[in-house]
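Asker: The structure is given below, and queries will be raised subsequently.
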Amino acid sequence: DAGVTQSPTHLIKTRGQQVTLRCSPISGHKSVSWYQQVLGQGPQFIFQYYEKEERGRGNFPDRFSARQFPNYSSELNVNALLLGDSALYLCASSHTTGSSYEQYFGPGTRLTVT
Amino acid sequence: QQQVKQSPQSLIVQKGGISIINCAYENTAFDYFPWYQQFPGKGPALLIAIRPDVSEKKEGRFTISFNKSAKQFSLHIMDSQPGDSATYFCAASIANDYKLSFGAGTTVTVRA
């Protein structure tokens with residue numbers, strides 16, 4: 002069975018630009034969470050979506066938004082990019098909502114903002 | 008502020024030795040404690056997880072010890088192998104919440 006997939010693998014953007022990252026969860030999983038991992042740190046929670054609805058939001062500015070599609074895939078959008086947005090963006094899927102269940106991470110998208 | 012404090016930041020162990028990573032938390036509402044293993048350039052992989060009603064859980068060479076009264080939990084890697092060289096993250100979450108709170112990570116290097 003395929004795991005969580007993310008695209009693109011790497012991305013280089015300029016300050017002020019907008020970026021869209023994509024995630025496909027494990028087959029049968031209905032919940033997708035997004036995390037930001039800055040080099041040398043643990044992942045930080047951004048959003049959780051379940052059945053196309055936002056169920057949780059972390060401490061990130063409104064420049065960050067996301068959505069989930071009927072097939073449970075998800076997109077993370079970041080507007081007005083800042084240098085500090087450079088990070089590994091991780092998508093995690095689980096079979097249900099909440100966080101006290103197994104969450105499986107994808108390989109991530111490495112975003113570099115110059 | 009960091010809700011889960013992880014130590015040490017890094018450790019070096021000889022092949023066949025035991026690696027021990029410790030985590031401490033303050034929020035007694037946490038009810039799920041997973042450990043993740045991450046190799047460079049990869050996403051975190053779920054290794055093993057425990058809930059507070061259990062004091063120890065073992066899966067192969069990996070063991071979680073949980074001390075509810077001390078609000079601490081630890082990962083023991085027995086018979087460490089060079090392939091275990093990675094960064095390990097502890098995490099915690101609250102039932103009906105939506106996020107995993109991660110520790111800062113421990114980089115383990117196993118010398119052959």
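Heads up: the protein sequence lines correspond to chains A and B, in order. For any residue, its number in the numbering used here is found by taking its place in the first sequence, counting from 1, and adding 1. For any residue, its number in the numbering used here is found by taking its place in the second sequence, counting from 1, and adding 7. We put the CB at the ideal spot given by N, CA and C, even for glycine.
Would B:Val115 pass as a contact of B:Leu18 if the rule is Cβ separation under 8 angstroms?
Answerer: Within the second sequence, the letter at position 108 stands for residue 115 of chain B. Within the second sequence, the letter at position 11 stands for residue 18 of chain B. Cβ atoms of B:Val115 and B:Leu18: closer than 8 angstroms.
Asker: Provide the residue span of the beta strand (DSSP E) that contains A:Gln104, from first to last.
Answerer: Walking along the first sequence from the start, residue 104 of chain A turns up at place 103. Unbroken run through A:Gln104: none, as it is neither H nor E.
Asker: List the DSSP bridge partners of B:His83.
Answerer: Within the second sequence, the letter at position 76 stands for residue 83 of chain B. Per DSSP, B:Ile27, B:Thr70.
Asker: In this structure, what does DSSP give as the bridge partners for A:Arg68?
Answerer: Numbered from its first residue, the first sequence carries residue 68 of chain A at position 67. A:Arg68 pairs with A:Glu76.
Asker: Who are the neighbours of B:Lys49 on chain A, taking C-beta pairs under 8 angstroms?
Answerer: As a working mapping, residue 49 of chain B is identified with position 42 in the second sequence. Ordered by position in chain A, the residues that pass the 8 angstroms Cβ test against B:Lys49 are Pro108, Gly109.
Asker: Show which residues of chain B have a CB atom less than 8 angstroms away from the CB atom of A:Glu103.
Answerer: For the purposes of this step, residue 103 of chain A is taken as the residue at position 102 of the first sequence. Within chain B, the residues near A:Glu103 are Pro41, Leu53, Ala56.
Asker: What's the gap between the Cα of A:Lys14 and the Cα of A:Thr21?
Answerer: Numbered from 1 along the first sequence, position 13 holds the residue referred to as residue 14 of chain A. Numbered from 1 along the first sequence, position 20 holds the residue referred to as residue 21 of chain A. Their backbone Cα atoms lie some 11 angstroms apart in a straight line.
Asker: Would you call A:Leu77 buried or exposed, if buried means 16 or more other Cβ atoms sit within 10 Å of its Cβ?
Answerer: The residue you call residue 77 of chain A lines up with position 76 of the first sequence. Buried.
Asker: Taking buried to mean at least 16 other C-beta atoms within 10 Å of its own C-beta, is A:Thr10 buried or exposed?
Answerer: The residue labelled residue 10 of chain A in the question sits at position 9 within the first sequence. Exposed, because fewer than 16 other Cβ atoms sit within 10 Å of the Cβ of A:Thr10.
Asker: With 16 as the cutoff for other CB atoms within 10 Å, does A:Gly109 come out buried or exposed?
Answerer: As a working note, residue 109 of chain A is residue 108 in the first sequence. Buried, since its Cβ has 16 or more Cβ neighbours within 10 Å.
Asker: Could you tell me which residues DSSP pairs with A:Tyr51 in its beta bridges?
Answerer: Within the first sequence, the letter at position 50 stands for residue 51 of chain A. Partner(s): A:Ser32, A:Glu54.
Asker: Quick one: complete beta strand (DSSP E) runs, 3+ long, within the stretch 82-112 of chain B?
Answerer: Listed in chain order, the complete beta strand (DSSP E) runs (minimum 3 residues) inside the stretch 82-112 of chain B are 93-101.
Asker: If you measure beta-carbon to beta-carbon, which residues of the stretch 99-112 of chain B are closer than 8 angstroms to chain A?
Answerer: Hits within the stretch, in order: Ser100, Ile101, Ala102, Asn103, Asp104, Tyr105, Lys106, Leu107, Ser108, Phe109, Gly110, Ala111, Gly112.
Asker: Below 8 angstroms between beta carbons: does that hold for B:Gly24 and B:Ser100?
Answerer: For this step, residue 24 of chain B is matched to residue 17 along the second sequence. For this step, residue 100 of chain B is matched to residue 93 along the second sequence. Not a contact, by the Cβ cut-off of 8 angstroms.
Asker: Select from the stretch 53-74 of chain A all residues with a C-beta closer than 7 angstroms to any C-beta belonging to chain B, and list them in chain order.
Answerer: Answer set for the stretch 53-74 of chain A: Arg56, Gly57, Gly59.
Asker: Please report how far the alpha carbon of B:Ile57 lies from the alpha carbon of B:Ser14, in whole angstroms.
Answerer: Your numbering for residue 57 of chain B matches position 50 in the second sequence. Your numbering for residue 14 of chain B matches position 7 in the second sequence. Approximately 19 angstroms, taken between the alpha carbons.
Asker: To the nearest angstrom, report how far apart A:Gln19 and B:Tyr39 are at their CA atoms.
Answerer: Along the first sequence, one-based indexing puts residue 19 of chain A at 18. Along the second sequence, one-based indexing puts residue 39 of chain B at 32. Going from the Cα of A:Gln19 to the Cα of B:Tyr39 covers about 35 angstroms.
Asker: Pull up the distance between the alpha-carbon of A:Gly107 and that of A:Gly4, whole angstroms please.
Answerer: For the purposes of this step, residue 107 of chain A is identified with residue 106 of the first sequence, where counting begins at 1. For the purposes of this step, residue 4 of chain A is identified with residue 3 of the first sequence, where counting begins at 1. Using only the alpha carbons, I get a separation of about 7 angstroms.
Asker: So is A:Phe70 buried or exposed if we call it buried at 16+ other beta carbons inside 10 Å?
Answerer: Counted from its first residue, the first sequence places residue 70 of chain A at position 69. Answer is exposed; the Cβ neighbour count stays below 16.
Asker: Check B:Asp60 in the structure and name its three-state DSSP category.
Answerer: For the purposes of this step, residue 60 of chain B is taken as the residue at position 53 of the second sequence. Note: B:Asp60 maps to coil in three-state DSSP.
Asker: Counting C-beta neighbours from all protein chains within 10 Å, is the total for A:Gln38 16 or more, i.e. buried, or is it exposed?
Answerer: As a working note, residue 38 of chain A is residue 37 in the first sequence. Buried, because 16 or more other Cβ atoms sit within 10 Å of the Cβ of A:Gln38.
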